[in-house]
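Single-structure report; data block below.
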Amino acid sequence: MINKVFLSSRLNSFRSTLLWVFSGIVLFYMAIPLFIILPISFSSSSYMEFPPRSFSIQWYSKYFSDPSWTRPTLLSFQLGIVTMLFATILGTLAALAMIRGKFPGKRSFQILFLSPMIVPVIIISIATYNFFAKLKLIENFWGLVLGHSVVAVPFVFINVSAALMNFDITLEKAAYSLGANRLQAFLKVTFPLIRPGILTGALFAFIVSFDELIITMFISGTRHTLPVRMWMDLWLEIDPTIAAVSSFLMLLSIAAILSAEWIRRRAEQRYA
Amino acid sequence: MERYSLMKKKFWLLFLLGTVFFVFSSINSMAAEDKIIVFNSSGGALDAAQRKVFSDPFEKETGIKVIHTAPVNFAKLKAMVESGNVEWDITELPPRDMVRAVRLGYLEPLDYTIINKADLIPEAALPYAIGGGFYSTILAYNTKKFSKGKHPQSWADFWNVNKFPGRRSLRNSPADNLEIALLADGVPKDKIYPIDVDRAFRSLDKIKPHIAVWWSVGAQPAQLLTDNEVDLTTSWNGRITDIQRKGAPVEIEWNEAILSLSYYGVVKGAKHKTNAMKYLAFRQRPDRQAEWVKALPYPGASISLYKYLTPELAKIMPTYPENLKKAIKVNNEWWLENADRVQEKWNAWMLK
Amino acid sequence: MATKDLHIYLLLPSLGLLIIFFVVPMLRIFGLSFFDPVFTLKHYLRIFQIEVYLQVLFRTLIVALIVAGVCLILGYPVSYLLAAQPPKVCNILLILVLIPLWTSVLVRTYSWMVLLGREGLLNQILLYLNLISKPMTLLYTSKAVILGMVQILLPFMILPLFSTMKGIDRNLLKAAQSLGAGPMQTFLRVFLPLSLPGVAAGFILVFILSLGFFITPALLGGRKDILISMLIETQVRELLNWGFAAALSLILLLSTIVILAIFNRFVGLDRLVSGIKFS
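Residue numbers (numbering that gives the first Met the number 0), protein chains in the order written: chain A, 0 to 271; chain B, 0 to 351; chain C, 0 to 278.
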């Protein structure tokens, strides 16, 4: 364990405490919105004030009972999951090709894969809208998946590339020498070791799609996703329903991560 | 370990299939019907009121369903008309965009045999667009800081930091601000256009160091006042009325308000033109408009509207005669010609 | 071994997606910047002749660099700590890192407005503790923009760093120690270099994402905090100068590529891309 390697002397326990304190501060800083949005979502006043003077759950009931909020939520989830799967597969394959393959023009490909992130979203949006309108892909679920995937693939690509770079190719070669074919070697040796990178990439892909606002505003037509719905609200009236929506999503993500953790642990116990 | 990853794979496959199935089923329910129109507006919080006051009663009366979309987006309108893939039947248009849309031929001529032209304020009854809502950029102030009577009553007062000390906010845009700056500099109301841009910027130079916040989002000025971030600011009148009703200590000064009118137009190539005209005619009925302004003080163009309003409600309308005579109407043509270079100048000016 | 042939085929699906649904639409729009409607360089001349555009571009690049730098400084120790933990602790901490990602950018930006306002929480606390005598102006400044952006982008630095660090072979570290290296040396000469791919990935990611921000600087920044995306957005949404907006973004794209190329010189992105092999 790294712990033992680095933190074995008394001097190092000082360093360890320093590390913990520093990290604690940074993590707290990252979590600040949670501490603000959560109380506001329970506020009884009609505009955002902090700290709230009195409490009520009206904004949550408003959120759950209003189809103009629940339908976009559902759509965003569906879209996020499909985009995640699509972009992860494409991005992982691309990363494998770039890191392992030997062919000319690699740097150009690398720039190509990063460029959706560099070009300002507004330009991608109108370019995409124009093009999709000709292809009649507006207000189409798969159009949205394609549009989102274009911006999600770079994230997967970067994360899987980083993971692959630290992967020791000799491990895979050892598998070959033991008689495994390419696919087996990949699935049983490479894949498990680069899995953190792939999962991180997948997670980013989901989040990029779920939080995507500008491109979606153009190509989603009358069926809004959640960010578009929030943006409409924020532009015209800042009302704590948004806080309720966000708090709900945060709690949902905690639940999802915890249950994934629980499943993983149970599987490990059973098959260890 | 193997079985676990197989189990996980099955789970994901099932999930994906389920999602795809679910998604396809909901896409199919979007079949096109004939008794509908697609109405595009700013949406958001106003949407519920729009449905209650206009769309639901309209559907009840005619059987035509109104589908609401948002937001208003000229780039999208352009792309829509040019590609021939017209999604909207009606769209709301801010004033400049309306002029632009008419010039570029993006709108259908309005059918005034269906819409009652007689009851419309003249500038709201254009061949290609109909006035939707009047709104004003006004001076809003904190009543705890400036009691009524001792408050800033003109833009010159806003500029007067000695007589009216306090933190100020202006919009981060040349729109309305150039007119305001000229009025503060003493230019008479009827001589505002064509705008002497250099003079406007010189006037703005004087107030620039005293601006604490440059607001960019419509809901901001009201928030700034309630948070005590600023003591006086420009704002659209509806937002201030809104927080006043919620109990905030703010007030509107109607003198020298900058009045604008947003419009509705029928998109060229719209799929349900006749239905759209009927809807617009319905929206123009004075009793409907009276209902609408109870929610939001952005009156429509109906002349007989004021017959249906109580005195208190009438007073907070930008087109209330008392307020109207003190207001300056925005010249959209001038802005259309000059917005580009003025915006550029504004950006450079902000950075100095 | 026919390795080479197969690898390029792996590239095809994503290549296809990007070419059809990204490159083609982009080319059409960039085409607008040169053909409006006939061939013209007027948009580009405008960008170079009127200084405000290059000023804003420069600012944007600087802000992006600062944000990426701050994220690196704050994120590296946190990732290090995370990578060193046993799975149970690690996962809980990861949750803390991931939760902010689930909050929309709009909401996160808004919570900063609540926090940093003159009557906001931070000022309330400082006044209560008598550390200041009157409220500080924290909101609508460049500091607020950076605070907001760093907070939003930190997960994008931490996660790649973390996944790289997790993959570092512990045996290498143990080997170094058994050869007599102290903890500091082991860190500097073994761990740090091995974590560089993650550093590069995180830094590039955050830098590039910063370039696209416009909601956060618009809501949290002062009048001088104009970033190029805001200008482009105004050009498209309000002024409808698609050709000019496209020209601005082409310039942005090119300057970013130049910066990455310079970065490449120092960090050797080349090597990272072609794959480092341990002997």
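Beta carbons are placed, not taken as given, at the ideal position from N, Cα and C, and that holds for glycine.
Between the C-alpha atoms of G148/B and E250/B there is a straight-line separation of about 11 Å. For the stretch 51 to 84 of chain B, the continuous alpha helix (DSSP H) assignments of 4+ residues that do not extend past its boundaries occur at 55 to 61 and 73 to 82, in sequence order. Residue ranges of uninterrupted alpha helix (DSSP H) with 4 or more members, entirely inside the stretch 116 to 186 of chain C and ordered along the chain, are 120 to 127, 141 to 165, 169 to 177 and 182 to 185.
In the DSSP annotation of this structure, G220/C is not part of any beta strand (DSSP E), being labelled neither H nor E. Counted as a single uninterrupted DSSP element, the beta strand (DSSP E) harbouring G131/B occupies residues I129 to N141. Distance check between F161/C and each of L219/C, V96/C and A180/C places V96/C closest, using alpha-carbon atoms only.
For the stretch 133 to 186 of chain A, the full-length alpha helix (DSSP H) segments reaching 4 residues or more read 140 to 164, 168 to 176 and 181 to 184 along the chain. Legend: CB atoms of the stretch 206 to 230 of chain A lying less than 7 Å from CB atoms of chain C belong to residues I206, D210, P226, M229 and W230.
If you check the CB distance, V265/B and P94/B do not come in under 8 Å. Distance check between E311/B and each of D197/B, V292/B, S303/B and I327/B places V292/B closest, using alpha-carbon atoms only. Only residues of its own chain outside the window of five on either side were considered, and among them I46 and F47 have a CB closer than 8 Å to the CB of L53/C, listed in chain order. In the DSSP assignment, W213/B forms a beta bridge with L169/B. Rounded to the nearest whole angstrom, the C-alpha separation of G90/A and L16/C is 11 Å.
Of all residues in the stretch 90 to 108 of chain A, only G90, L92, A93, L95, A96, M97, I98, R99, G100, K101, F102, K105, R106 and F108 place a beta-carbon less than 8 Å from a beta-carbon of chain C.
Just measuring C-alpha positions, the residue of Q77/A, F203/A and S67/A sitting nearest V159/A is F203/A. The beta carbon of L73/A sits no closer than 8 Å to any beta carbon of chain C. The shortest CA-to-CA distance from P85/C to any of H42/C, N240/C and K165/C is the one to K165/C. With its beta carbon at least 8 Å from every one in chain C, S43/A lies outside the interface.
Within the stretch 21 to 42 of chain A, the residues whose Cβ lies closer than 8 Å to any Cβ of chain C are, in chain order, F21, S22, V25, L26, Y28, M29, A30, I31, P32, L33, I35, I36 and I39. Taking a Cβ-Cβ cut-off of 7 Å, the neighbours of S245/A in chain C comprise T102, S103 and V106, given in sequence order.
Using a CB distance below 9 Å, the part of the stretch 231 to 244 of chain C facing chain B consists of T233, Q234, V235, R236, E237, L238, L239, N240, W241 and F243, ordered along the chain.
In the DSSP assignment, I257/B falls within the unbroken beta strand (DSSP E) covering V249 to V265. DSSP places W291/B in no beta strand (DSSP E) but in the uninterrupted alpha helix (DSSP H) bounded by P285 to A294. The criterion of a C-beta distance shorter than 8 Å is satisfied by V51/C and L350/B. Under the DSSP assignment, E232/C falls in the alpha helix (DSSP H) whose first and last residues are I227 to R236.
Look at F140/A: its C-beta is not under 8 Å from any C-beta on chain C. The C-beta of T309/B has fewer than 16 other C-beta atoms within 10 Å across all chains shown, which makes the residue exposed. Distance from L247/C to L259/C at the Cβ level is roughly 19 Å; contact not present, criterion being Cβ atoms closer than 8 Å.
Linking L78/A to F202/C through their CA atoms gives a straight-line distance of about 28 Å.
Within the stretch 25 to 50 of chain C, the residues whose Cβ lies closer than 8 Å to any Cβ of chain A are, in chain order, M25, R27 and I28.
Apart from the 5 residues on each side of it in sequence, P193/B sits with its Cβ closer than 7 Å to the Cβ of W333 in its chain, given in chain order. Nearest to R50/B by alpha-carbon distance, out of Y278/B, P317/B, D156/B and P248/B, is Y278/B.
Beta-bridge pairing by DSSP links S301/B to L119/B. Among the bridge pairs identified by DSSP, L92/B is matched with Y262/B.
Within the same chain, W111 come within 7 Å of L146/C by CB-CB distance, once the 5 residues on both sides are set aside.
In the structure shown, A275/B adopts helical secondary structure according to DSSP, grouped into three states.
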